[in-house]
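Trainee:
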Amino acid sequence: MSTAILTGQPVPGSSIEGDLRSLGFDVRVAADAADAERLVAEAPCEQRVALVDARFVGHVHALRLGLTDPRFPLAAVPGAVTAQPDGRVTLTRALARENSAGGGTAVAVDSLPDRIVTALADDGAEVYRPELGSLVAAVPADPQARNEARQAVADVDDEAVRLKSAVKSRDGFFTTHFISPYSRYLARWCARRGLTPNQVTTASLITALIAAACAATGTRGGFVAAGVLLIASFVLDCTDGQLARYSLQYSTLGAWLDATFDRAKEYAYYAGLALGAARGGDDVWALALGAMILQTCRHVVDFSFNEANHDATANTSPTAALSDKLDSVGWTVWVRRMIVLPIGERWAMIAVLTAATTPRITFYALLIGCAFAATYTTAGRVLRSLTRKAQRTDRAAQALADLADNGPLAGLLTRVARAPLGAPFLVALAGTVVLAVALFSDVTWAPVAGAVVYAIAAAQALYRPLKGALDWLVPPLFRAAEYGTVLILAAAADVNGALPAAFGLVAAVAYHHYDTVYRIRGNAGAPPAWLVRAIGGHEGRTLLVTVLAALLTASQFTVALTVLAVAVALLVLVESIRFWVSAGAPAVHDEGEPA
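For our numbering, add 1 to where a residue sits in the sequence shown, where the first one is 1.
1) Once you ignore the five residues that flank residue 56 on each side, which residues in its own chain have a CB closer than 6 Å to its CB?
2) When you compare the CB positions of residue 290 and residue 488, do they come within less than 7 Å of one another, or not?
3) Residue range of the beta strand (DSSP E) that residue 8 falls in?
4) Considering only their Cβ atoms, is the gap separating residue 475 from residue 462 smaller than 7 Å?
5) At what residues does the alpha helix (DSSP H) containing residue 570 begin and finish?
6) What residue from 534, 446, 377 and 184 has the CA that sits closest to residue 165's CA?
7) Let me check understanding here. Comparing Cα to Cα, which of 389, 33 and 205 lies closest to residue 310?
8) How is residue 586 classed by DSSP in three states: helix, strand or coil?
9) Residue 30 CB to nearest chain B CB: under 7 Å?
10) Mapping DSSP to helix, strand and coil, what is residue 109?
11) Using a Cβ-Cβ cutoff of less than 7 Å, which residues in the same chain neighbour residue 175 once the five nearest sequence positions on both sides are dropped?
12) Throw me the rounded Cβ distance for the residue 518 and residue 569 pair, which I believe falls under 8 Å.
13) Of all the options 271, 191, 91 and 204, which has the alpha carbon lying nearest to the alpha carbon of residue 238?
14) Between the segment 183-200 and the segment 235-254, do three or more beta carbon pairs fall short of 8 Å?
15) What is the DSSP secondary structure of residue 356, reduced to helix, strand or coil?
16) Check the C-beta distance from residue 63 over to residue 50 and give it rounded, since I have them as a contact under 8 Å.
17) How would you label residue 540, buried or exposed, when you count the other beta carbons within 10 angstroms and need 16 or more for buried?
18) To the nearest angstrom, how far is it from the Cα of residue 500 to the Cα of residue 271?
19) What do you reckon, are the CB atoms on residue 543 and residue 486 nearer than 7 Å?
20) Please classify residue 123: is it buried, with 16 or more other beta-carbons within 10 angstroms of its beta-carbon, or exposed?
21) Out of curiosity, what's the CA-to-CA distance linking residue 414 and residue 26?
22) Drop a sphere of 10 angstroms on the beta-carbon of residue 108, count the other beta-carbons inside from all chains shown, and report buried for 16 or more, exposed for fewer.
23) Compute the Euclidean distance between the alpha carbons of residue 513 and residue 172, then round it to the nearest angstrom.
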């Protein structure tokens with residue numbers, strides 16, 4: 002249990018003690034600032050502690066936001082400050098300095114917690130202050146101010162604000178208007194029954210896997226059930242985040258599960274559709290794999306652009322100004338959010354088309370929609386990059402290098418190179434084009450030669466820091482080249498099982514790339530070097546697949562792809578799970594989902 006220490010003179014009729022206990026705090030009362038310091042020291046070191054002015058007037062949810070959010074070591078609202086175990090030393094030091102400066106005699110005159118927050122700020126400590134909006138949090142100085150504050154509390158429905166804030170402020174049209182109006186109440190229902198966001202996330206995954214199994218039956222009834230269950234899975238997917246925000250049950254593991262399960266659900270559903278189509282005599286595995294590749298590459302474009310520019314200086318451009326102007330019009334906001342086909346619109350489209358049409362039509366629509374969305378977003382970001390005068394940081398360059406996923410072969414080629422051949426983006430583009438031309442030739446060993454050139458280009462592209470205007474496109478190019486190679490060679494094998502095996506391999510490698518993204522977001526850097534070496538890097542895997550395709554028969558190549566998919570999946574999953582459940586996992590905040 003956490004400990005809350007009330008400071009200052011108690012106020013008759015105040016509900017502060019009951020409010021704090023309702024939030025899970027063991028309440029202690031300090032006679033003065035010196036007594037508060039003693040009580041803080043006596044609280045178990047593994048517990049959260051809070052200092053709260055006894056005269057505090059405000060909503061319970063304001064206290065909840067300020068004192069119970071697990072994501073921040075130090076947090077405060079007017080009249081209250083809290084520290085988690087890793088912020089206790091900083092809080093204790095500020096409290097001791099306040100007492101030594103003679104603040105202990107002034108508890109009845111002003112607010113000790115507010116003075117401590119000022120002292121923490123003077124120390125350079127980062128204190129999280131939640132946005133309260135219409136919620137009240139105040140320490141009235143006299144009876145009239147207290148009455149006014151109490152009236153302000155009565156005028157605002159605490160629970161309505163809490164429900165509204167559980168919904169992300171920026172979301173897609175379908176999610177905002179067709180899911181969130183009722184999923185927030187489902188989130189509250191879950192909270193009141195003690196369910197956790199991770200349990201809801203798991204339920205969403207199970208529901209999506211059942212939907213995929215229904216689609217795999219290949220029957221009309223199965224397709225209808227699959228569409229309904231996919232929507233149900235998305236409702237639960239929205240609910241888990243709303244539950245986390247409603248009850249402030251954030252966790253590193255939860256953020257990771259939410260991010261990775263979204264991809265697992267969608268790609269498992271693609272596989273289910275492909276299996277269902279095969280039962281009806283229609284082979285759409287190439288379309289399913291193409292949809293997964295396109296969607297993953299879209300996400301890599303998002304991730305790379307954001308990592309390249311989130312800390313850039315002079316981060317402005319005429320294109321960005323035009324975008325802001327369009328957003329100010331009103332209706333264009335929703336149009337622009339819909340045409341990028343975010344997860345809500347995408348899953349709704351897949352669900353409806355699954356129930357009403359065939360898997361082939363569903364994949365055609367998905368590919369066309371995602372291709373348009375990818376073209377729209379990538380073109381806009383290219384224009385922004387070309388028109389802004391931004392200086393990218395070393396951190397951004399390192400993040401892009403980590404996202405590139407160069408392996409030991411590229412590392413060796415980099416060490417033997419004498420000088421860079423050109424701009425990183427142009428070198429990567431040239432290598433990708435050469436590989437693409439080689440893959441579509443009729444010469445057996447041409448793809449191998451193309452892969453060798455591609456490996457050299459991969460090494461050269463990272464010869465110097467990725468700080469050019471378009472260097473953020475290097476990781477997406479590498480993803481498209483590697484995944485596309487697997488798709489093209491598996492399709493060329495033209496035997497049963499080749500494309501499903503390729504689907505499994507690309508899914509395993511894509512998981513590794515998503516895992517890299519979320520580590521970088523948490524400032525934990527790339528996966529360990531041994532893992533990158535063990536799975537070969539993108540250029541090593543590309544070269545290996547081309548060599549296998551040239552050396553083996555079509556059926557042998559299928560077996561080789563399957564073995565490679567299993568090996569990569571085992572390595573990346575074991576290391577990823579080990580990392581994300583460890584104490585060293587980064588505190589990834591509630592950033593929402595990519596499109």
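All C-beta atoms, glycine included, are put in the ideal place defined by N, C-alpha and C.
Mentor: Per the coordinate set shown:
1) Only 9, 12 and 140 meet the Cβ criterion.
2) Yes, they are a contact pair.
3) Segment 3-8, the beta strand (DSSP E) holding residue 8.
4) Judged by beta-carbon spacing, residue 475 lies within the 7 Å limit of residue 462, meaning their Cβ atoms are closer than that value.
5) Counting along the chain, the alpha helix (DSSP H) containing residue 570 begins and ends at 555-581.
6) Looking only at 534, 446, 377 and 184, the smallest Cα-Cα distance to residue 165 is reached by 184.
7) Between residue 310 and the set 389, 33 and 205, the nearest pair of CA atoms involves 389.
8) Residue state, collapsed to three classes: coil.
9) The structure shown contains no chain B; it is built from a single protein chain.
10) Confidence in residue 109 is poor, its pLDDT being 41 and thus under 50, which makes the residue's placement too unreliable to answer from.
11) Annotation for residue 175: 345, 346 and 349 place their beta carbon closer than 7 Å to its own, counting only its chain and skipping 5 residues before and after.
12) Between residue 569 and residue 518 the Cβ distance is about 17 Å, and since that is not below 8 Å, they are no contact.
13) Considering only alpha carbons, the answer is 204.
14) Between the segment 183-200 and the segment 235-254 there are three or more inter-stretch CB-CB distances shorter than 8 Å, so the stretches are counted as touching.
15) Residue state for residue 356 is assigned as helix, using DSSP reduced to three classes.
16) Not a contact, Cβ separation roughly 19 Å.
17) Answer is buried; the Cβ neighbour count reaches 16.
18) The straight-line gap from Cα to Cα measures roughly 13 Å.
19) Cβ distance < 7 Å, so residue 543 and residue 486 count as in contact.
20) By the 10 Å Cβ count, residue 123 comes out exposed.
21) Their backbone Cα atoms lie some 59 Å apart in a straight line.
22) Low confidence applies to residue 108: its pLDDT is 42, below 50, so where it sits in the model is not reliable enough to give any reading.
23) Roughly 27 Å between the two C-alpha positions.
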